[in-house]
Structures are given as structure tokens and as C-alpha cells.
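The structure under discussion appears below in the form of C-alpha cells.
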Amino acid sequence: KVFSVVFFVVLLSAVTAGGKGKLSKLKDEIASLKSAFSSVTARMNTMEAERVELDQAHAWQALHMAAAAACRGSTASGGTGCCANSVMAKENTRSCDQVCGDTACDADISISGYIGQAQSYSQGLGHYYNYGCGTPGNSDVMYDEVKAGGGDVFKNDDTDNYYYRFCCCRN
1 KVFSVVFFVV LLSAVTAGGK GKLSKLKDEI ASLKSAFSSV TARMNTMEAE
51 RVELDQAHAW QALHMAAAAA CRGSTASGGT GCCANSVMAK ENTRSCDQVC
101 GDTACDADIS ISGYIGQAQS YSQGLGHYYN YGCGTPGNSD VMYDEVKAGG
151 GDVFKNDDTD NYYYRFCCCR N
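Heads up, the sequence shown is in the working numbering, so the first residue is 1 and it goes up one at a time.
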């Protein structure tokens, strides 16, 4: 609306000033401004899409770091071994013994966390389970990160807050 009002005022000024050359010049300037505005709008839309994608990537990374911490805390030895230990995405139909393959399975963990800052000391912030390494445990596909949608990491209690499952594999 603002653009239309400005356009009308500029056009009216040009008409009352009486110059056809001036009017033509103003029309050209308006066309140039419209083009520039369209370009800026398109770039803003692109930047918004890139920001959403980056937010999702950071949310998945935070979940993976939480899984690594959960794996570290779930083992009596703290995850000893000769080499770096691994957190692997848990396929919903396989046991962590199978996922870990030639390495030792320390735990099959399932974690979720709620979005936002805690507002009280009695507020639940997340959930966790350790299913054990020998069975597939809860085989619901919605707990399988590889099969999840990119935005599923943002699901909360109102939209089916998903657990994601991970295998703690010790080298």
C-alpha cells in the first residue's frame, strides 16, 4: 500500500508539473525501483530458507552431542578403548549389537529434549531410555533418525515429541 501511495504521489507531481519528459523519467525510476524491490524480496526468501536449513542442521548436531554424552554416561568404564568410540544412528529393526558390528556395544539409548529454556526446577526437560544392546527394543519407525524428516527434530510434546535412538559403540 505504501508503495502504491508513493507511486501515486510521484505520478501526480509529475502530471501537475506538466512535463512529459519528466513523467517518462519518473516512470522509468519507478520501474527500476520495482525491479530492485523484487530482487531484494527474492534474496530475503532465499536467506530465510537457508536459515531454516541451518537451524535444522544445528538442532541435529545438538541432539548428536547429547547422544554422545548419554553414551559416555551409560557405561561403567566411561567408554574406554584404544580408539575414539562412536555414536551411531539406531535402525529401528536392528539391535545395537548388529549396528555396532565388530565393535562392542555399550548401550542402546533413546533420548529427546524439549524446546526452550526451563521455567522451573520441577519442569521435565527431556526423556531417555537404555534398551540394552541385544534386541531391537522399541521398533517404531518414528524413533529412527535416518528415516525422519529434517524438520522432525523440532517436534515437541504437542506435535509428537519423538525420541531418537542411538547405539553406543566402543572401539
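Virtual Cβ for every residue (Gly too), placed ideally from N, Cα, C.
If I follow the unbroken alpha helix (DSSP H) through C96, where does it start and stop? Translated into the one-based positions of the sequence shown, residue 96 becomes position 96. First-last of the alpha helix (DSSP H) with C96: C96 to C100.
Going by CA-CA distance only, name the one from M47, E53, L33 and A67 that's closest to C169. Against the sequence shown, residue 169 aligns to sequence position 169. Out of M47, E53, L33 and A67, A67 has the C-alpha closest to the C-alpha of C169.
For D55, is the classification buried or exposed, using 16 other Cβ atoms within 10 angstroms of its Cβ as the cut-off for buried? Here residue 55 refers to the residue found at position 55 of the sequence shown. It counts as exposed.
Coarse secondary structure for S112, derived from DSSP in three states: Within the sequence shown, numbered from 1, the residue matching residue 112 stands at position 112. S112 falls in the strand class under three-state DSSP.
Starting from Y164, trace the beta strand (DSSP E) in both directions and tell me its first and last residue. Here the question's residue 164 lines up with position 164 in the sequence shown. First-last of the beta strand (DSSP E) with Y164: Y164 to R170.
Buried or exposed (CB count within 10 angstroms, at least 16 for buried), S139: Walking along the sequence shown from the start, residue 139 turns up at place 139. Result: exposed.
Kindly give me the distance between the Cβ atoms of A89 and E145, rounded to whole angstroms, as I take these residues to be in contact under 8 Å. Stepping through the sequence shown from its first residue, residue 89 is reached at position 89. Stepping through the sequence shown from its first residue, residue 145 is reached at position 145. With 8 Å as the limit, A89 and E145 qualify as a contact, their Cβ atoms being about 5 Å apart.
Less than 8 Å between the CB atoms is what I'm expecting for A107 and N130, so what's the real figure, rounded? The count along the sequence shown starts at 1 and reaches residue 107 at position 107. The count along the sequence shown starts at 1 and reaches residue 130 at position 130. About 5 Å; that satisfies the 8 Å criterion.
Assess contact between the segment 116-136 and the segment 83-97, defined as three or more Cβ pairs (one per stretch) separated by less than 8 Å. Is contact present? yes
Should V52 be labelled buried (16 or more other beta-carbon atoms within 10 Å of its own) or exposed? Within the sequence shown, numbered from 1, the residue matching residue 52 stands at position 52. It is exposed - the Cβ of V52 has fewer than 16 other Cβ atoms within 10 Å.
Based on Cα-Cα distance, which residue from Q98, A104, V40 and A62 lies nearest to C82? As a position in the sequence shown, residue 82 is number 82, starting the count at 1. With distances taken between Cα atoms, C82 lies closest to A104.
Whole-angstrom Cβ separation of A181 and V153, contact assumed at under 8 Å? The first residue shown for the chain is 1 and the last is 171, placing residue 181 beyond what the model contains.
Using three-state DSSP, classify A57 as helix, strand or coil. On the sequence shown, position 57 is the one that residue 57 refers to. Looking at A57 - three-state DSSP - the assignment turns out to be helix.
Quick one: measure Cβ to Cβ for I109 and A70, integer angstroms, because I've assumed they're closer than 8 Å. In the sequence shown, residue 109 corresponds to position 109, counting from 1. In the sequence shown, residue 70 corresponds to position 70, counting from 1. 5 Å between Cβ atoms; contact.
What residue range is occupied by the uninterrupted beta strand (DSSP E) comprising Y143? Start at 1 with the first residue of the sequence shown, and residue 143 comes out as number 143. Unbroken run through Y143: none, as it is neither H nor E.
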